[in-house]
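Inspection log for the structure reproduced underneath, given as structure tokens.
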Amino acid sequence: MRRGGASAADPAENLAARVAALDAALGTGGAQLDPVESARARAVVAKVGERTALSLDHTVVALAGATGSGKSSLFNTLVGTDVSRIGARRPTTSKPTAAVWGAGDAGELLDWLQVDSRHLVGPGSEAGQAGDGPALDGLVLLDLPDFDSREVAHRIEAERILQLVDVFVWVTDPQKYADARLHDDFVRLLAQHEAVTLAVLNQADRLPPAAVEECAADLGRLLARDGISRATVLPTSVRTGEGVGELRRRIASAVEGHAAARRRLSADVVTTAAELRTGVADTEADADRLPRKNLDTALARAAGVPLVLDAVRRDYRRGALAHSGWLFTRWTGRLGRDPLRRLRVGEAPVSRAADELEDADVGAVLGRSSLPTPTGATRAAVDVAVRSFTRSAAEGLPGRWAEAVEDAATRDTEGLSDALDQAVLHTSLRFRRPGWWLVANVLQWILGLVAVLGALWLLGLYVLGLLALPEPETPTVGVVPVPTLMLIGGALLGMVFAGLARWWARVGARRRRAVVAGRLRKSIAEVTEARILAPIAAVLQRHGRTREHLDHARR
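In this text, residue positions in the sequence shown follow the working numbering: the first is 592, and each later residue adds one.
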């Protein structure tokens, strides 16, 4: 039995930190951890709480072995009297038997172990001393049922007790030391408990000394293969007394300091954490650093952003024509409906009573736009983009964690559609009227008034001519009368400026579209972060915290 191990730091403090980390890992890992291993881990957490609440001044040492290995005889020898029944028929041990050294009350501990057969070894008895070594006060020695018993109930009882004791003493004999059941079903499964494990090769008197050494060395190699790399094999013989005194001293060494229980519990936590750790990856993706261009683009299309941007462009040009178009034709631009109003975006909410609403206002009252429903191809593109993104986020994760990432991203598809619509609806699409609109409008009005005044002037001259009234002298510019120049010049310049304004409106519309596109990208990105990235990041963060807790528990 190797001392030290898990007790490099204070055992109680170390154990408390380990079990707290394991419990935290169960909380953060949740359904993404293997359910069977999680159940075992919860049982370990519960066992630690129950065992530490009982007497830690007692150390429970179990003698476990196969039928005929002589463990009951060895138990009686250590106790100093025939406590455990030795029978001629097999199985010989059907129920666990306990021997308690010292005056301390181990009743609650034995009740927890569910051991009814008890024997008190007085502190002054010969068996109460480990030879010339320290006293065995606080030792609770158990003789377990045979683990290879033909009675299933006996095997189950032995396995149950082994999950609760503090120190294991594997008792075997020259005939069964290589039994596969001993190694595969017990020793190998408890390999992490090396610090609280001792192997005994009993009935050594049946072999010559050279053969005893050879069997002990072979058993040591088998234990190393099981994972107990520094196993100590102690040959004993009840008949000759060989090794019994050394066994007492080693048991007394385990009892001394009362740290074996903490070491056993700590080893349980380490083993359980290591098993759970196989279901957690060494790293996880950073959701904020994953490429999301395709995802944002697909969501923008599903939200109808291209339609909105086209409406913004047309709305700008429509407004520019209304303010800078030729004064006598700009009214035609008002014949068509406002493109943004038609989509019911970029508007203030309607506040009229319900019975005063028109059909066009219903969507605004309900807080929804009139953007068309995404086509099947658009929905398919969104699905492909989301799944591609989730695959990138889940890369390298075990199956349950990868499924959790996908579920987090696709859990609320209907909510995603509504959120995209609301993002577009609440994005500001209106701007102040550009300054050049005012300048162009004033200029067009001036040119229009000049043309109208010129036309009225010519009309007045025409009327005077019809009435044969004397006409006033008309000023000229060169050979062109001023009213004619006013009419033609105002009209022509108005149309020229309208053409220039139309060209400039196209430039302004592109700029306006780019600005609105930036706003909509930001709005769509916020939806992406809230509806897809945040749930994925939460799963990845849980995965990272679970790994940290398990590494802490098993370190």
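Even for Gly, the Cβ is constructed at its ideal location relative to N, Cα and C.
Query                                                                                                                                                                                         : Result
How should residue 907 be labelled, buried or exposed, when 16 other C-beta atoms within 10 angstroms of its C-beta is the threshold for buried?                                              : buried
So what does residue 709 bridge to, in DSSP terms?                                                                                                                                            : 689
Classify residue 1094: buried if its beta carbon has 16 or more other beta carbons within 10 angstroms, exposed otherwise.                                                                    : exposed
Let me know the secondary structure DSSP gives residue 856 once reduced to three states.                                                                                                      : helix
So what does DSSP say about residue 680, is it helix, strand or coil?                                                                                                                         : Caution is warranted here: a pLDDT of 46 is assigned to residue 680, below 50, making its placement in the model unreliable, and no coordinate value can be reported.
Tell me which same chain residues have a C-beta within less than 8 Å of the C-beta of residue 584, skipping the five on either side of it?                                                    : The first residue shown for the chain is 592 and the last is 1146, placing residue 584 beyond what the model contains.
Given this structure, state the Cα-to-Cα distance separating residue 1016 from residue 1128, to the nearest angstrom.                                                                         : 27 Å
Who does residue 650 pair with in a DSSP beta bridge?                                                                                                                                         : 730
So, for residue 706: in the same chain, excluding its five sequence neighbours on each side, which residues have a beta-carbon less than 6 Å away from its beta-carbon?                       : 687 and 689
Can you say whether residue 637 is buried or exposed, counting buried as having 16 or more other CB atoms within 10 angstroms of its CB?                                                      : exposed
Are residue 851 and residue 757 closer than 8 Å when you measure CB to CB?                                                                                                                    : yes
Since residue 755 contacts residue 704 with CB under 8 Å, what's their CB separation in whole angstroms?                                                                                      : 6 Å
Look at the alpha carbon of residue 720 and the alpha carbon of residue 728, and state the distance between them as a whole number of angstroms.                                              : Reliability fails at residue 720, whose pLDDT of 48 lies under 50, so the model's placement of it is uncertain and no value is given.
With 16 other CB atoms within 10 Å as the buried threshold, where does residue 710 fall?                                                                                                      : exposed
Just confirm the distance between the C-beta atoms of residue 871 and residue 1134, as a whole number of angstroms; I'd bet it's less than 8 Å.                                               : 7 Å
Helix or strand or just coil, what does DSSP make of residue 721?                                                                                                                             : Since pLDDT at residue 721 reaches only 44, below the 50 mark, its modelled position is unreliable, and the value read off the structure follows with that caveat. Coil at residue 721, not helix or strand.
So, for residue 749: in the same chain, excluding its five sequence neighbours on each side, which residues have a beta-carbon less than 6 Å away from its beta-carbon?                       : 735, 736 and 738
Quick check on residue 957: buried or exposed, where buried means 16 or more other Cβ atoms within 10 Å of its Cβ?                                                                            : Any reading at residue 957 is ruled out, since the residue's pLDDT is 38, under 50, leaving its predicted position unreliable.
By how many angstroms is the C-alpha of residue 662 removed from the C-alpha of residue 743?                                                                                                  : 19 Å
Let me make sure I understand the geometry here. Which of 653, 1049, 1132 and 809 has the alpha-carbon closest to that of residue 767?                                                        : 809
Would you decide whether residue 761 is buried or exposed? Buried here means 16 or more other CB atoms lie within 10 Å of its CB.                                                             : buried
Excluding the 5 residues preceding and the 5 following residue 679 in the sequence, name in chain order all residues of the same chain whose CB lies nearer than 7 Å to its CB.               : The pLDDT assigned to residue 679 is 43, lower than 50, so where the model puts this residue is not dependable; a value taken from the coordinates is nonetheless given after this. There are no such residues.
Helix or strand or just coil, what does DSSP make of residue 917?                                                                                                                             : coil
When DSSP builds the beta bridges, which residues end up paired with residue 1085?                                                                                                            : Residue 1085 is not bridged to any residue.
Just how far apart, CA to CA, sit residue 910 and residue 1024?                                                                                                                               : 9 Å
Quick one: what's residue 761 bridged to in DSSP?                                                                                                                                             : 655 and 790
Below 8 Å CB to CB, which residues in the same chain sit around residue 792 once its five sequence neighbours on both sides are set aside?                                                    : 763, 764, 765, 768, 803, 806, 807, 810, 824, 825, 826 and 827
Pull up the DSSP beta-bridge partners for residue 1067, would you.                                                                                                                            : 1072
Under the DSSP definition of a beta bridge, which residues are partnered with residue 825?                                                                                                    : 791
If you drop the 5 nearest sequence neighbours on each side, which residues of the same chain put their C-beta closer than 6 Å to that of residue 997?                                         : 981
Give every residue of the same chain whose Cβ lies closer than 7 Å to the Cβ of residue 1141, excluding the five residues on either side of it in the sequence, and list them in chain order. : 616, 864, 867, 868 and 871
Hey, how far is the Cα of residue 855 from the Cα of residue 818?                                                                                                                             : 16 Å
In the DSSP assignment, find the alpha helix (DSSP H) that holds residue 1144 and state where it starts and stops.                                                                            : 1125-1145
Run the CB neighbour count on residue 669, radius 10 Å, all protein chains shown included, and call it buried at 16 or more, exposed below.                                                   : buried
Could you tell me how far apart the beta carbons of residue 1012 and residue 894 are, in whole angstroms, since I believe they sit closer than 8 Å?                                           : 7 Å
Between the C-alpha atoms of residue 1060 and residue 918, what's the straight-line distance to the nearest angstrom?                                                                         : 33 Å
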